[in-house]
Amino acid sequence: MTKEKLGLNTICTHVGEIKDEQFKGAISPIYLSSSYEFLDVDVKRYPRYFNTPNQEHLSKKIAALEHTEAALIFASGMAAISHMFFAFLKTGDHIVLQNTLYGGTSNFIREEFPKYGIEFTFTNGSNASDFESAIQANTKLIHIETPSNPLLTITDIKKVADLAKSKGILTSIDNTFASPVNQNPVDFGIDLVMHSATKYFGGHSDICAGAVAGSQEHIDIIWNVSKNLGGSLSDFTVWMLERSMKTMGLRVKAQTKNARKMAKWLNKHESIEKVYYPGLKSHPDYELAKSQMNGFGAMLSFELKEGLDAHKFQKELRLIKSSMSLAGVESTVISPALTSHALLSQEERDTIGIKDGLIRFSVGIESIKDLKADISNAILKTVNTIEKTDA
Numbered sequence: 001m002t003k004e005k006l007g008l009n010t011i012c013t014h015v016g017e018i019k020d021e022q023f024k025g026a027i028s029p030i031y032l033s034s035s036y037e038f039l040d041v042d043v044k045r046y047p048r049y050f051n052t053p054n055q056e057h058l059s060k061k062i063a064a065l066e067h068t069e070a071a072l073i074f075a076s077g078m079a080a081i082s083h084m085f086f087a088f089l090k091t092g093d094h095i096v097l098q099n100t101l102y103g104g105t106s107n108f109i110r111e112e113f114p115k116y117g118i119e120f121t122f123t124n125g126s127n128a129s130d131f132e133s134a135i136q137a138n139t140k141l142i143h144i145e146t147p148s149n150p151l152l153t154i155t156d157i158k159k160v161a162d163l164a165k166s167k168g169i170l171t172s173i174d175n176t177f178a179s180p181v182n183q184n185p186v187d188f189g190i191d192l193v194m195h196s197a198t199k200y201f202g203g204h205s206d207i208c209a210g211a212v213a214g215s216q217e218h219i220d221i222i223w224n225v226s227k228n229l230g231g232s233l234s235d236f237t238v239w240m241l242e243r244s245m246k247t248m249g250l251r252v253k254a255q256t257k258n259a260r261k262m263a264k265w266l267n268k269h270e271s272i273e274k275v276y277y278p279g280l281k282s283h284p285d286y287e288l289a290k291s292q293m294n295g296f297g298a299m300l301s302f303e304l305k306e307g308l309d310a311h312k313f314q315k316e317l318r319l320i321k322s323s324m325s326l327a328g329v330e331s332t333v334i335s336p337a338l339t340s341h342a343l344l345s346q347e348e349r350d351t352i353g354i355k356d357g358l359i360r361f362s363v364g365i366e367s368i369k370d371l372k373a374d375i376s377n378a379i380l381k382t383v384n385t386i387e388k389t390d391a
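Per the numbering used here, residue 1 is the first one in the sequence shown, and the count goes up by one each step.
Right, dumping it as structure tokens:
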């Protein structure tokens, strides 16, 4: 049976396993050696070359999940995306990107690309026409993120991919928010798919990693740069990540189911001004999301009614944690203006719609009634604080 015919949970569990030939253990052994034989061997292994046994086999699992030929695993999401960019962009080249990117990516581009003479254009929209108008003669790459962080905007993946192919331009996508469970961009024509593997791949808030998946040709090009930059992941963390990915299908599907229920509930709550979630029929890109996603994801954002302090509300939560990251089995919230987009200026945040009162909600696997109760209690305490202050 080939990996293409395997189901999602089977791929998560079995593809990329290392068989324990010596002791017949049920899980992959860990190979912690940083030094391997170089005489009379087919592969000269070295941790910085991304080809230790654990690195090599986990990459096979990621490639299978994203329907690609190959993949590389990195020490962080930013290591993955920066290595990918530098592999395909050089001085004098141009890249087109969305405004609605992860703040760390936007900051990296604005701060680092000018040093290397790489030109870039951020588009305001998410339609193919927005990207087409930004393309220049020296454009080599179009990079998108859908659903976006943190406003959950949706970009038409196929239209962007078709546009790029018609002009001989490479495409890449940050697929972190959806995960391979909910979206496979390569099926719509995207060339390269990257992830902050810290998020849904890890899923337990105890791993920092990144990944890029694509054709063998493209991954070889990235590898040729990455072996020099040195952003490889330790084998112990690689082993932990493989362990975590065994349950990714189950985790993300449960989280996605919870997120849709919470989005519908929040959307009707009298103290909530607006909910951003592509699974709501009121979302402007609901039909598009439905056509290119297997599920609507476990991330959403919302704004409290005017007068309710977002900071106070988050401090009143008892079950849902205030957390810098996302996608763990535990539900978490953050203020994007203070975290993921803190490196952007106030003007830049205003331009892309990141209000100070916006709250990003990473929905976990807890009981829905408990999540609702925690939010209701926090809102009530926030309202009571206002009433006492007014009195």
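Ideal placement from N, C-alpha and C gives every residue a C-beta, glycine not left out.
Note that this is a predicted model, so its numbers are computed, not measured.
- Separation of Ile-144 and Thr-121 (C-alpha to C-alpha, rounded to the nearest whole angstrom) is 12 Å.
- In the three-state reduction of the DSSP assignment, Val-252 falls in the helix class, which pools H, G and I.
- Non-local beta-carbon contacts of Val-363 in its own chain, meaning distances under 6 Å to residues more than five positions away in sequence, involve Gln-255, Asn-258, Ala-259, Met-262, Ala-298, Ser-331 in chain order.
- Under the three-state reduction of DSSP output, Arg-360 falls in the strand class.
- In the DSSP assignment, Val-212 falls within the beta strand (DSSP E) that extends over 210-214.
- Apart from sequence neighbours up to five positions away, the residues of its chain that approach Leu-8 with a beta-carbon distance below 6 Å are Gly-249, ordered along the chain.
- Ile-368 is classed as exposed because its beta carbon has fewer than 16 other beta carbons within 10 Å across all chains shown.
- Ranked by how close their Cα comes to the Cα of Ala-63, the residues Gly-202, Ile-11, Leu-151 have Ile-11 in first place.
- Nearest C-alpha to Gln-183 among Ser-244, Val-252, Asp-206, Phe-131: Val-252.
- Spatial neighbours of Asp-174 in its own chain (CB-CB distance under 6 Å, excluding positions within 5 residues in sequence) are listed in chain order as Glu-145, Met-194.
- Comparing C-alpha distances from Lys-90 to each of Gly-103, Trp-223, Thr-139, Asn-384 shows the shortest one belongs to Thr-139.
- Straight through space, the alpha carbons of Glu-306 and Lys-274 are spaced by roughly 11 Å.
- Within the region 288-330, the complete alpha helix (DSSP H) segments of 4 residues or longer fall at 310-316, listed in chain order.
- Per DSSP, the continuous beta strand (DSSP E) segment holding Phe-74 begins and ends at 70-74.
- 8 Å or more divides the Cβ of Leu-152 from the Cβ of Tyr-31.
- Shown here, His-195 sits in a strand according to DSSP, grouped into three states.
- Per DSSP, His-83 lies in no beta strand (DSSP E); the unbroken alpha helix (DSSP H) holding it starts and ends at 77-88.
- His-57 is the residue among Gln-22, His-57, Tyr-36 whose C-alpha sits nearest the C-alpha of Ile-73.
- Here Ser-271 carries a coil assignment [DSSP, helix/strand/coil].
- Lys-199 is a Cβ neighbour of Thr-176, given a cutoff of 8 Å.
- Partner residues in the beta bridge of Asp-174, as assigned by DSSP, are Glu-145, Met-194.
- Across the structure, Arg-360 and Gly-77 are spaced so that their CA atoms are roughly 19 Å apart.
- Per the DSSP secondary-structure output, Leu-8 pairs with nothing in a beta bridge.
- With contacts defined by Cβ atoms closer than 8 Å, Ser-148 and Thr-100 form a contacting pair.
- Ser-244 is a Cβ neighbour of Gly-202, given a cutoff of 8 Å.
- The beta carbon of Ala-337 is closer than 8 Å to those of Arg-349, Ile-354, Lys-355, Asp-356, Leu-358 in its chain, skipping five residues each way along the sequence.
- Around the beta carbon of Thr-155, 16 or more other beta carbons lie within 10 angstroms, which makes this residue buried.
- Here Phe-236 carries a helix assignment [DSSP, helix/strand/coil].
- With distances taken between CA atoms, Ala-70 lies nearest to Ala-213 out of Ala-213, Trp-265, Val-225.
- Two segments are said to touch when three or more pairs of C-beta atoms, one from each, lie closer than 8 Å; by this definition the region 374-384 does not touch the region 283-290.
- Measuring C-alpha to C-alpha distances from Gly-328 to each of Asp-206, Leu-6, Gln-55 identifies Asp-206 as the nearest.
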